[in-house]
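Those letters in the sequence shown? Residues 693 to 1630, per our numbering, in order.
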Amino acid sequence: MDKKRKNEYDEVIENIIEKNMIEIMSDSFSRFSKYVIQQRAIPDVRDGLKPVQRRILFSMWNLKLRNKDPFKKSARIVGDVLGKYHPHGDSSVYEAMVRMAQEWKSNYPLVQMHGNKGSIDDDPAAAMRYTESRLEKITELMLKDLERKVVTMVPNFDDSEYEPVILPTLFPNLLVNGALGIASGFATQIPPHNLGELIDALIAMIKKPNISVDELMNYVKGPDFPTGGIIYGTKGIIDAFKTGRGKITLSSKYKFIEDKKGNIVGIEITEIPFGVIKSKMVFEIDSIISSKTISGIKEIRDQSDRNGLSIYIELEENSNSEAILTYLMNKTKLRINYDYNMLAIYKNAPCLLSLDQALFSFLEHSRLINTNGIKFDLQRYKLRHEIVEGFIRVAEISDEVVKLIKESDNSKKGVILALMKRFNFSEIQATAIAELRLYKLSRMDQIEFQEEKRGLETQIQWCEKLLNDSFEFDKFLISQLSEIKNEYAKERKTIISEELISKEVDHKLLTKNEDFYFFVSEEGYIKKISNKTFNSNDLKTYKLKENDTIRYYDKINSLSKLIFFTNKGNFFVIEAHNLKDNSWKELGTHVSSIVNLESQEKVIRIMEITSYNSYINLILISKYGYGKKVKISNFDSKIFNKKRMCINFKNEDDELIDVKIGNDEKDIFILLNNGSYFLLNENIFTTDLALRAQGIKILPKLQTKEKTFVSAFTTCSKLNNVTMLTEGGMCKQWKMADIEYTNRTNRGTKLFSFLRDVSCIPKSLEVNTKELELLITNKDNETERIYLDKLLKDKSKKDKLIRLEQNFNNSGYLIQHIKINELIDVDNQEKEKLKKFYLEQKELENNLELTTETSLFKRYYHSELPNISDDENDISLKIEDNDQIQLFETNDDFVEIKNQEINKPKSKINLTFEEKLKALDNINLDLIEEKVKQIKKK
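Below is the structure:
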């Protein structure tokens, strides 16, 4: 016994095949992939069915479940399919059968099902033991020719049954109902089309075999989805029909609901895109309402019932319905992009088909099955004709035939042989006569058989004519297709619009227009505070981490955007309306939760912007003296909450010091950490640079190895005053008219001396405006506002560093409220209008608000409008030798007159307001800055 087992073991060992694992995996997966592609996931171009669908329909046909037959339990059908044709899971078979019964997934469902077959909300169908099924009427067009043996039958998996390789369908099911499948390395996604249009295209192709795709598109307009909807644009359809691939924009169908006054109060969605789950789409819209991403929507209700689909979106009063609808189309499944990918099995291989190829493939299949059917009928007619001829002869000699049968032996074979020998009948005729009963033989009606013979001869001639005459055969195909169209064609559900739908969303129309306060701390904590909360609280109670301080705060608008600049040379943009509300006594949200920042990266400048359409430039200067000028429009982006580069550093230790606003005419006032300064004109930047550019070395003497570096800078004009705040809490103010220009190639000019007991390194440098504030954090971690006008007007502290309160803990910043509006550059004529506008406002002594005119005046006059009315910044006039009147800033209100012809001493003359206006009318605005420079040199 053991010896026998040993021999068997040796034999097994000898039959082991050694093969590389890579080859085994490759071969096995190749065979598996081929099987999945051909036998599982990809439909055949001829009948448009996957194998499992084909087997389900064939099994139902064999079970006599035609459209007029009674229903049978779905479990009975699934069991028959599994046991005879499809040895796989029962759930996959039942799911395939359910899908063929769902009218929202197919233009023409192939299975009729009683019971719960799911819903467009993606509800599951009832278990197979509860539902009943039978074939739809149109499905019989795919199966009825099986009896004529027009397709090849092959053995099933265990050779116990035969199944068709393909179904003899009489309509282009692949394009009518579409298909969806994923195989190994291949995928198909074919949308449904209109049956009537496809049949018209097939008839046109029969009449003109070399018809082009463009001509076919006169008949087939595009996909026709069972759920309707609107297709915008025809480019995707043209691409798909010509190449087999294309992208289609499919949108929901909607209507605006109006009240009795004609105001739009709601939007009703009546059709949704194909393949979209209605419940999920409603949930998406409801989530947008709950999160208050946009304003204007009250609620959404799903009002769908047996009468059809209805989703009602109720709008708030005075909301912008068009903007809301556009936003929802972009952000939800109200509009989708459908990827057309017409891949199907053609001649046992996956093939990407154009429209003409798909129609030709079906037409080729239709010709074949009709030819085989006609041949089958011809053979049947000829056989019957031969038999009928025999019956006609029998009617003449019926008595002799009966006598012969009685005299022959009792076997059927003997009777057949006797008839053939005695009366010269053919074997077929003799067999048919032998199978007749004697009472029929004795009562043969010759006239009846002669009529049948003539009818059979007509049928034979017709079949032979169809087989031999291609023109008649084409007429037969056209007639067959026309009958199907007349009985089953429906009106198109999907509308095709040639216009391209706008996908741009104007968030200003969707956002509630409101103002609120926005805070950013040095540690990076941000807060959105409502006006009510801000006005009812004291800054001292503002919640901060220990040793933190307020870096920026301003009253901003929900329609604005906020640009954040970091010391690492990056920037990011946040939309104000996306900010979440915070309470006064919470730390707020850290900026790193919105944008990924490096460990040592911190925000150094925040700017509110309402429009990128502006002539304004931004000036960026780094620690080691690199700088660049960038147009504000370069920062325009639809990408939010994502960090991007705004300056590229050559040295990894370099960092961005600050970002200021320029306008091609300003000066740049730079302070170093050793108390020196540079005063340069903005024209050192000859060109605007891209965001990723490094910039130019504006201070070549600053080296990375040295301890001297840029610590603060600002942009200003000679008419401005500027204020500095140091790291140790010291303040100092300068009049820019007193500061001389410097050469950027030197090491800087000494501006102020350091104190021994406190850090005097400049920390913040800003132009004096009425909006400028100084916020500090004291040692009790409370925020205090320092009033600069009182602090800096103390004449006893003139030209000195001014120490802040003793309770100062070295945490504080000068805060300049910057808002970038839409500003368009002006010409000389418009400058005169600005001057006139200013004079009118001065005469009325109005408190000027920030408008386009005042902003433009700031550019060309280099001064803040509110400051011009201050006592210390009065406007003076100086008449030079050439009688050219120029404007500059002095402490006293006087005019110096110097006349060479009359030797008079210089004198001061006080001017009335009317005299000032008269003098201002003659100002040459373009020479203001140049004249100021000349005066300073003298």
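Each residue gets a CB set at the ideal place from its N, CA and C atoms; glycine is no exception.
Secondary structure at Y911: coil, using DSSP grouped into helix, strand and coil. Here M1021 is buried, its C-beta having at least 16 other C-beta atoms within 10 Å.
By the C-beta density criterion, P816 is exposed, having fewer than 16 other C-beta atoms within 10 angstroms. Here H885 is not near L859, since their CB atoms are 8 Å or more apart. The beta carbon of L833 sits closer than 7 Å to those of T861, L862, F863, I1176, all from its chain and outside the five residues before and after it, given in chain order.
Distance from the CA of C1423 to the CA of R1495, rounded to the nearest whole angstrom, comes to 6 Å.
Per the coordinates, the alpha-carbon of R1059 lies some 25 Å from the alpha-carbon of P883. Nearest C-alpha to G920 among V905, N1473, E963: E963. Remark: C-beta atoms of L1001 and K990 do not approach each other more closely than 8 Å.
At the C-beta level, T1258 and E1214 stay beyond 8 Å of one another.
Between E1088 and Q1138, the beta carbon gap of about 7 Å places them in contact (Cβ cut-off 8 Å). Sequence-distant partners of L1109 (beyond 5 residues in either direction) whose C-beta falls short of 7 Å from its own C-beta are missing from its chain.
Judged by DSSP secondary structure, K947 falls within the beta strand (DSSP E) whose first and last residues are 945 to 950. Within the same chain, and ignoring the five residues on either side of E976 in sequence, the residues whose Cβ sits closer than 6 Å to its Cβ are T1024.
Within the region 1434 to 1471, complete beta strand (DSSP E) segments of at least 3 residues are found at 1454 to 1459, 1465 to 1470, given in chain order. Per the Cβ contact rule, the region 1369 to 1383 is in contact with the region 1314 to 1323 (3 or more Cβ pairs under 8 Å). Rounded to the nearest whole angstrom, the CA to CA distance from A1429 to G1354 is 19 Å. Residue state for R758 is assigned as coil, using DSSP reduced to three classes. Remark: C-beta atoms of N1365 and F1401 approach each other more closely than 8 Å. For M1299, the uninterrupted beta strand (DSSP E) run begins and ends at 1295 to 1301, by DSSP. Its chain contains F948, I956, I959, L1007 as the residues whose beta carbon lies nearer than 7 Å to that of S1013, once the 5 sequence neighbours on both sides are disregarded; these appear in chain order.
Boundaries of the alpha helix (DSSP H) around G775: 766 to 776. Rounded to the nearest angstrom, the Cβ distance from L1017 to Y946 is 7 Å, consistent with a contact under 8 Å. Contact holds between the region 874 to 881 and the region 1035 to 1044, because three or more Cβ pairs, one in each stretch, are under 8 Å apart. Note on E950: under 16 other CB atoms within 10 angstroms of its CB, so exposed under the neighbour-count rule. Scanning its chain for C-beta atoms nearer than 8 Å, with the 5 sequence neighbours on each side dropped, one finds around S1189 the residues I922, I923, Y924, G925, in chain order. I1125 is positioned such that its CB atom lies no closer than 8 Å to that of H1077.
Sixteen is the threshold: since fewer than 16 other Cβ atoms of the shown chains lie within 10 Å of the Cβ of I1331, the residue is exposed. One Cα belongs to V1080, the other to P856, and the distance between them is close to 33 Å. For V1322, the uninterrupted beta strand (DSSP E) segment begins and ends at 1318 to 1323. Judged by DSSP secondary structure, A1015 falls within the alpha helix (DSSP H) whose first and last residues are 1013 to 1023. The continuous beta strand (DSSP E) containing E1006 extends over residues 1003 to 1007.
The shortest C-alpha to C-alpha distance from T1461 to any of T1441, D1207, N1413, R1184 is the one to N1413. Inter-segment contact for the region 1158 to 1177 and the region 1214 to 1228 is absent: fewer than three beta-carbon pairs are separated by less than 8 Å.
A Cβ-Cβ contact shorter than 8 Å links S1250 with E1206.
Of the residues S852, M805, N865, M713, the one whose Cα lies closest to the Cα of P735 is N865.
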